[in-house]
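Written out below as structure tokens is the structure these notes cover.
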Amino acid sequence: MMDKQVNKNVELHKRRERAVPRAPYNISQVYVDKARGAKVQDVEGKEYIDFAGGIGIQNIGHNHPKVVAAIKEQVDQFIHPCFHVAPYESYITLAERLNALTPGDFAKKTILLNSGAEAVENAIKIARKFTGKSGVISFDRAYHGRTLLTMSLTSKVKPYKHGFGPFANNTYKLPYPYYYRKDSFLSNEEYDDRLVEQFNHFLMLEASPDEIGAIIMEPVQGEGGFIVPSKRFVQGIKRVCEENNILFIADEIQTGFCRTGKLFAMENFDIAPDLTTLSKSIAGGMPLSAVTGRADVMDAAEIGQLGGTFGGSPVACAAGNAVLDVIKEEHLVDKSRVLGEKMMKLLQEMKERHDVIGDVRGLGSMCAIEIIEAEDFKQPNPGLTTTILQACWDKGLMTLKAGTYGNVLRFLPPVVIADEDLERGLAIVDEAITENK
Ligand SMILES: Cc1ncc(COP(=O)(O)O)c(C=O)c1O
Numbered sequence: 085m086m087d088k089q090v091n092k093n094v095e096l097h098k099r100r101e102r103a104v105p106r107a108p109y110n111i112s113q114v115y116v117d118k119a120r121g122a123k124v125q126d127v128e129g130k131e132y133i134d135f136a137g138g139i140g141i142q143n144i145g146h147n148h149p150k151v152v153a154a155i156k157e158q159v160d161q162f163i164h165p166c167f168h169v170a171p172y173e174s175y176i177t178l179a180e181r182l183n184a185l186t187p188g189d190f191a192k193k194t195i196l197l198n199s200g201a202e203a204v205e206n207a208i209k210i211a212r213k214f215t216g217k218s219g220v221i222s223f224d225r226a227y228h229g230r231t232l233l234t235m236s237l238t239s240k241v242k243p244y245k246h247g248f249g250p251f252a253n254n255t256y257k258l259p260y261p262y263y264y265r266k267d268s269f270l271s272n273e274e275y276d277d278r279l280v281e282q283f284n285h286f287l288m289l290e291a292s293p294d295e296i297g298a299i300i301m302e303p304v305q306g307e308g309g310f311i312v313p314s315k316r317f318v319q320g321i322k323r324v325c326e327e328n329n330i331l332f333i334a335d336e337i338q339t340g341f342c343r344t345g346k347l348f349a350m351e352n353f354d355i356a357p358d359l360t361t362l363s364k365s366i367a368g369g370m371p372l373s374a375v376t377g378r379a380d381v382m383d384a385a386e387i388g389q390l391g392g393t394f395g396g397s398p399v400a401c402a403a404g405n406a407v408l409d410v411i412k413e414e415h416l417v418d419k420s421r422v423l424g425e426k427m428m429k430l431l432q433e434m435k436e437r438h439d440v441i442g443d444v445r446g447l448g449s450m451c452a453i454e455i456i457e458a459e460d461f462k463q464p465n466p467g468l469t470t471t472i473l474q475a476c477w478d479k480g481l482m483t484l485k486a487g488t489y490g491n492v493l494r495f496l497p498p499v500v501i502a503d504e505d506l507e508r509g510l511a512i513v514d515e516a517i518t519e520n521k
């Protein structure tokens with residue numbers, strides 16, 4: 085504490101504003117000094133409970149000692165000879181492990197890359213090459229990244245797409261269920277069936293099956309507001325894909341690695357995707373992503389057609405292999421399920437106390453609440469959401485917003501969070517709502 089400067093955050097933020105363009109958003113002006121497990125300390129010595137996990141990167145907790153040790157050991161051996169120049173074992177090992185662990189009892193292969201968007205770009209390239217069909221379908225409220233192709237698949241104009249067109253050709257959107265906001269005269273099953281039927285209509289009215297190579301789906305929508313589809317819907321979409329030779333790509337970038345009470349979220353829906361994109365919590369915070377999928381599909385691209393200078397760097401692979409060890413040794417899949425049950429229970433109780441909480445939803449430990457105008461049922465209240473969010477940060481809780489209307493508070497605490505920190509974090513949310521509603 086002694087050496088921390090009182091106004092260090094403000095000073096750093098002034099420097100940031102001078103040196104860095106405004107476009108990369110900062111949800112806070114809290115500059116990090118140190119992070120461990122589910123706790124983060126800023127440069128002024130203030131401690132935060134972390135419900136943001138770097139947007140879902142820290143499922144196993146900040147700076148897990150095994151990950152840190154693996155990174156250090158790798159750095160001492162070699163940093164980066166480049167996989168395309170002189171390959172190394174840790175890349176192969178990680179690929180083998182992801183092939184074995186992702187859903188699907190068939191031969192698989194994995195390519196490693198750097199970012200989530202890069203994984204999605206590569207999955208689409210691979211799918212196009214395999215099928216010979218360029219059309220790609222994503223969903224309303226989807227988020228797949230910020231590069232040209234992934235931004236084209238992303239479904240929120242402001243801020244992600246505004247002014248950045250023209251977008252990639254042959255990309256289309258289908259509706260994704262949103263049970264909280266569906267027409268009330270439909271049962272959930274009728275609603276699911278209608279949405280699946282729209283896929284069939286799309287293939288008659290918009291683009292024929294011989295033009296559509298792939299559909300890409302988040303098993304739970306992340307940026308879109310933590311919206312959980314039903315098994316009926318996901319399986320219905322997969323069935324139409326199979327009937328029309330369309331590849332099913334699961335974007336598990338935010339849902340993967342124990343977030344949803346399973347290692348991968350598609351396990352909740354009993355779906356084995358043709359291809360899966362992975363990133364975020366894959367390597368404890370090192371930049372790493374992957375496309376894992378059917379070996380025959382993955383081998384469609386020819387030698388030299390995929391890759392990149394830093395993809396699957398040795399340091400990131402060392403971290404990725406250590407993350408998989410930790411998940412197994414510490415039973416983090418089970419922990420995620422238990423954590424999710426606890427969060428959902430406490431959030432449901434919170435909803436009883438606050439009529440501005442319109443919906444509580446989640447899958448495993450990927451949980452969120454939707455903030456509405458109390459007097460006008462279901463009217464989104466983004467202003468109050470921002471106020472609550474700010475109050476949470478002021479009280480020492482890092483958390484995030486999401487959703488089309490900016491009225492969803494989403495919670496992505498490390499799965500290893502201590503009970504007392506989880507309870508204190510949720511108590512902070514409760515206080516922030518009480519004081520501001
Ligand atoms: C589902 C999903 N896909 C893709 C991405 C893009 O990942 P990145 O920011 O690493 O490019 C994200 C990032 O939030 C995501 O949540």
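In this text, residue positions in the sequence shown follow this note's numbering: the first is 85, and each later residue adds one.
Don't be surprised by glycine CBs; every beta carbon is placed ideally from N, CA and C.
Residue range of the beta strand (DSSP E) that includes G123
This sequence places Lys at residue 123; Gly is not what is there. Its beta strand (DSSP E) spans residues 123 to 126.
For Y172 and Q161, what's the separation of their Cα atoms in angstroms?
11 Å
So, for I210: in the same chain, excluding its five sequence neighbours on each side, which residues have a beta-carbon less than 7 Å away from its beta-carbon?
L359, V375, V381, M382, A384, A385
In or out: L423 buried (at least 16 other Cβ within 10 Å) or exposed?
buried
What number of angstroms, rounded off, separates the C-alpha of Y262 from the C-alpha of G448?
18 Å
Given that a residue counts as buried once 16 or more other Cβ atoms are within 10 Å of its Cβ, and exposed if not, what is E307?
Classification of E307: buried, given that the 10 Å Cβ count is 16 or more.
So which of I517, N405, H415 has the shortest CA-CA distance to L178?
N405
Cα-Cα, which of E273, L232, V513, A119 is closest to N253?
L232
For A475 and A516, what's the separation of their Cα atoms in angstroms?
6 Å
Scan the region 228 to 265 and note each continuous beta strand (DSSP E) run of 3 residues or more that stays entirely inside, going in chain order.
Listed in chain order, the complete beta strand (DSSP E) runs (minimum 3 residues) inside the region 228 to 265 are 255 to 258.
Tell whether a beta-carbon distance below 8 Å holds between F353 and V318.
yes
Measuring straight from C-alpha to C-alpha, what distance separates I411 and G229?
Between I411 and G229, the alpha-carbon positions lie close to 26 Å from each other.
Between I163 and the rest of its own chain, which residues show a CB-CB distance below 6 Å, the 5 nearest in sequence each way excluded?
none
What span of residues does the alpha helix (DSSP H) with M434 cover, start to end?
M434 -> alpha helix (DSSP H) spans 416 to 437.
Sorry if obvious, but does the Cβ on Q158 come closer than 7 Å to a heavy atom of ligand 1?
no
Helix, strand or coil: which one does DSSP assign to D134?
The answer is strand: DSSP assigns D134 an E or B state.
For Q432 and S218, what's the separation of their Cα atoms in angstroms?
44 Å
Three-state secondary structure (DSSP) of F341:
coil
Straight-line gap, Q463 to A153 (C-alpha atoms, nearest Å):
49 Å
Determine the contact status of F321 and F348, defining contact as a CB-CB distance below 8 Å.
Looking at the sequence provided, one finds Ile at residue 321 rather than Phe. For I321 and F348, no; Cβs fall outside 8 Å.
What do you reckon, are the CB atoms on V220 and I300 nearer than 8 Å?
yes
Residue(s) in a DSSP beta bridge with I330
Its beta-bridge partners do not exist; DSSP assigns none.
When we look at the beta-carbon of D478 and count the other beta-carbons within 10 Å, is it buried (16 or more) or exposed?
exposed
Measure the alpha-carbon distance for E101 versus V116 and round it to whole angstroms.
Taking the CA atoms as reference points, E101 sits about 17 Å from V116.
Give the single residue among A334, D277, S373, K130 whose Cα lies nearest to the Cα of A203.
S373
Going by C-alpha to C-alpha distance, which of R437, K429, G369, K426 sits closest to V407?
With respect to the C-alpha of V407, the residue from R437, K429, G369, K426 having the closest C-alpha is G369.
Once the 5 residues before and after R437 are set aside, which same chain residues still bring their CB inside 6 Å of it?
none
Might you give, ordered along the chain, the residues of its own chain that have their beta carbon closer than 7 Å to the beta carbon of V399, omitting 5 neighbours on each side?
I155, Q158, V159, I163, M370
Please give the ranges of any alpha helix (DSSP H) in the region 366 to 398, keeping only runs that are unbroken, at least 4 residues long and fully inside the region.
379 to 382
I'd like to check one pair, C342 with E332: are the Cβ atoms closer than 8 Å?
It is worth fixing the name first, because residue 332 is Phe in this sequence and not Glu. No, the Cβ-Cβ distance between F332 and C342 is not below 8 Å.
Taking contact to mean at least 3 C-beta pairs separated by less than 8 Å, is the region 271 to 278 in contact with the region 288 to 296?
In this structure the region 271 to 278 does not lie against the region 288 to 296, because fewer than three pairs of beta carbons, one per stretch, are closer than 8 Å.
Classify A103: buried if its beta carbon has 16 or more other beta carbons within 10 angstroms, exposed otherwise.
exposed
Coil, strand or helix - Q319 by DSSP
Correct three-state label for Q319: helix.
Do L481 and F135 have their CB atoms nearer than 8 Å?
yes
G442 versus K521 - alpha carbon distance
13 Å
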